[in-house]
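Undergrad: Pasting a structure below so you can have a look.
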Amino acid sequence: MFQTQILSTGHFTPEKVVTNDDIAKRVDTNDQWITERTGIKERRISDENKEFPSYMAAEAAKEALEKAKMDPNDIDLIMVSNTIGDYNFPNTATVVQERLGITSECPCLDINAACTGWVYGLVVANSLIQTNVYKNILLIGTEMTSRFNNWDDRQTCILFGDGCGATLLTATDKEGPRVIDSVLGCDSSKKDSLILPVGGAVRRGSVEIYQNKEQFVSMDGQTVFKNAVKTMASHCAKILQDNNLTQADIDWFIPHQANQRIIEAVARRLEYPMEKVISNVHKYANTSSASIPIAMNEALKEGKIKRGQKVMFAAFGAGLTSGAALIEF
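Position one of the sequence shown corresponds to residue 1422 (the working numbering), numbered consecutively onward.
Right under this line is the structure:
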């Protein structure tokens, strides 16, 4: 059976930076309040006339392809995770194929599992590679969350940022690099605790909805926080137990970058040292399903993650979706 190797990575973040002080000019908040509650200092916001999810995806993918010295037409499948795509249809992966100049007519698939989307995609891609359906898969998490951000809501406007992370996966028959194990989940009984209720088939946009500012994300912060900590920690613990591993066997932990307090709470539950936890939420805020691949690419660039090391990923998002995966690089 083939194993899945992370061949290369790339990421893209918009040039525009919005700091906590910038937000404080619009709503009743301040840098200290935001930092203490979230760990976020700033976030990147896309140019709304150019830096769409597909644009960011193509830019991140180009970095990954260049590192791997791979021709775009060697990609067998494009998988794109996004909460809000360029359009309702066609899917964003289709637009990415065009932006990369791919003429091989490889299949293009979008995944919407909110912040867990990249982990969901990794598990699906691993299955397709192991069963020899595809050899080279481009897996992308690209998010323009600023599109559903209510900049007049002091509780939610501080949380989100835009960005993209790309991962090039390939089949290998060598010992070592592989997806060791994974677990996925969803608790739909709490789906309303994090929801964008307008814009789909249930509630189309209308003049009245936009006048009442009902088109933005709605979140029950306490419910999301508690379930995020509990679920991510339990998924990671299950993977460790099922593979007869301990925290000491894991070289790096890359959780979804939603909130520094969540990250620290998960690490405490796992009794995992913070010095081995990758965190960049202070720079980018919550970039949804792009957060893990962005953090991974930065850690690789900084020389933290090395070949042969074991890296644990964990994510949690609207749905309430959840997942974790353990990789050997």
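The beta-carbon is built from N, C-alpha and C at its ideal position, and this holds for glycine as well.
1) Report the start-end ranges of each beta strand (DSSP E) in the stretch 1445-1487 that is 3 residues or longer and not cut off at the edges.
2) Which residue wins for smallest C-alpha separation from D1497, given the options I1523, L1615, N1512?
3) May I have the straight-line CA-CA distance separating R1624 from P1618, to the nearest angstrom?
4) Bridge partners for Q1426 per DSSP, in chain order?
5) DSSP on P1676, reduced to helix/strand/coil?
6) What number of angstroms, rounded off, separates the C-alpha of D1468 from the C-alpha of Q1426?
7) Based on the DSSP secondary-structure assignment, which residues constitute the bridge partners of L1605?
8) Use the C-beta contact count for K1704: other C-beta atoms within 10 angstroms, 16 or more gives buried, fewer gives exposed.
9) Identify the continuous beta strand (DSSP E) that holds K1731 and give its terminal residues.
10) Output the distance between the C-alpha atoms of Q1636 and I1630, rounded to the nearest integer angstrom.
11) When the Cα of N1553 is compared with those of I1532, W1539, G1431, T1591, which residue comes out closest?
12) Looking at the structure shown, is V1501 part of a helix, part of a strand, or coil, going by DSSP?
13) Alpha carbon to alpha carbon, what distance is there between G1460 and N1680?
14) Quick one: give me the first and last residue of the alpha helix (DSSP H) that E1685 is part of.
15) Just to confirm my understanding: we take R1690, look at its own chain, exclude 5 residues before and 5 after, and list those with CB closer than 6 Å. What are they?
16) What does a CB cutoff of less than 7 Å around V1732 pick up in its chain, not counting 5 residues either side in sequence?
17) Which whole-angstrom value is the C-beta distance of N1718 and H1432, which I expect to be below 8 Å?
18) Count the other C-beta atoms from every protein chain shown that fall within 10 angstroms of the C-beta of R1464, then say buried if there are 16 or more, exposed otherwise.
19) Kindly indicate which three-state DSSP category R1520 falls into: helix, strand or coil?
TA: In this structure, then:
1) If one requires a minimum length of 3 residues, the beta strand (DSSP E) runs lying completely within the stretch 1445-1487 are 1463-1465, in chain order.
2) For this step, residue 1497 is matched to residue 76 along the sequence shown. It is I1523 whose Cα lies nearest to the Cα of D1497.
3) Counting from 1 along the sequence shown, the entry for residue 1624 is found at position 203. Counting from 1 along the sequence shown, the entry for residue 1618 is found at position 197. For R1624 and P1618, the distance between alpha carbons rounds to 7 Å.
4) For the purposes of this step, residue 1426 is taken as residue 5 along the sequence shown, with counting starting at 1. BP columns for Q1426 point to T1591.
5) Numbered from 1 along the sequence shown, position 255 holds the residue referred to as residue 1676. Three-state result, P1676: strand.
6) Within the sequence shown, residue 1468 is the residue found at index 47, counting from 1. Within the sequence shown, residue 1426 is the residue found at index 5, counting from 1. C-alpha of D1468 to C-alpha of Q1426: approximately 34 Å in a straight line.
7) Start at 1 with the first residue of the sequence shown, and residue 1605 comes out as number 184. According to DSSP, which records beta bridges pairwise, L1605 is partnered with G1744.
8) To locate residue 1704, count along the sequence shown from 1; it is residue 283. By the Cβ neighbour-count rule, K1704 is buried, with 16 or more other Cβ atoms within 10 Å of its own.
9) Taking the sequence shown and counting its residues from 1, one reaches residue 1731 at position 310. Boundaries of the beta strand (DSSP E) harbouring K1731: 1731-1738, taken from the DSSP string.
10) On the sequence shown, residue 1636 is found 215 positions in, with the first residue counted as 1. On the sequence shown, residue 1630 is found 209 positions in, with the first residue counted as 1. If I take the Cα positions, the gap works out to 6 Å.
11) Stepping through the sequence shown from its first residue, residue 1553 is reached at position 132. The residue from I1532, W1539, G1431, T1591 with its alpha-carbon nearest to that of N1553 is T1591.
12) In the sequence shown, the residue the question calls residue 1501 occupies position 80. DSSP places V1501 in strand when its eight states are reduced to three.
13) Taking the sequence shown and counting its residues from 1, one reaches residue 1680 at position 259. Taking the sequence shown and counting its residues from 1, one reaches residue 1460 at position 39. C-alpha of N1680 to C-alpha of G1460: approximately 6 Å in a straight line.
14) Position 264 of the sequence shown holds residue 1685. Membership of E1685 in the alpha helix (DSSP H) is indicated by the continuous run 1681-1691.
15) Locating residue 1690 in the sequence shown gives position 269, counting from the first residue. Excluding the 5 residues flanking it on each side, R1690 has same chain C-beta neighbours closer than 6 Å at A1654, in chain order.
16) Within the sequence shown, the letter at position 311 stands for residue 1732. Counting only Cβ-Cβ distances below 7 Å, and skipping sequence neighbours, we find D1672, W1673, I1675, I1726, I1748, F1750.
17) Counting from 1 along the sequence shown, the entry for residue 1718 is found at position 297. Counting from 1 along the sequence shown, the entry for residue 1432 is found at position 11. Yes, N1718 and H1432 are in contact; Cβ-Cβ is about 4 Å, under 8 Å.
18) Working through the sequence shown from its first residue, we reach residue 1464 at position 43. By the 10 Å Cβ count, R1464 comes out buried.
19) As a working mapping, residue 1520 is identified with position 99 in the sequence shown. R1520: helix per DSSP, three-state reduction.
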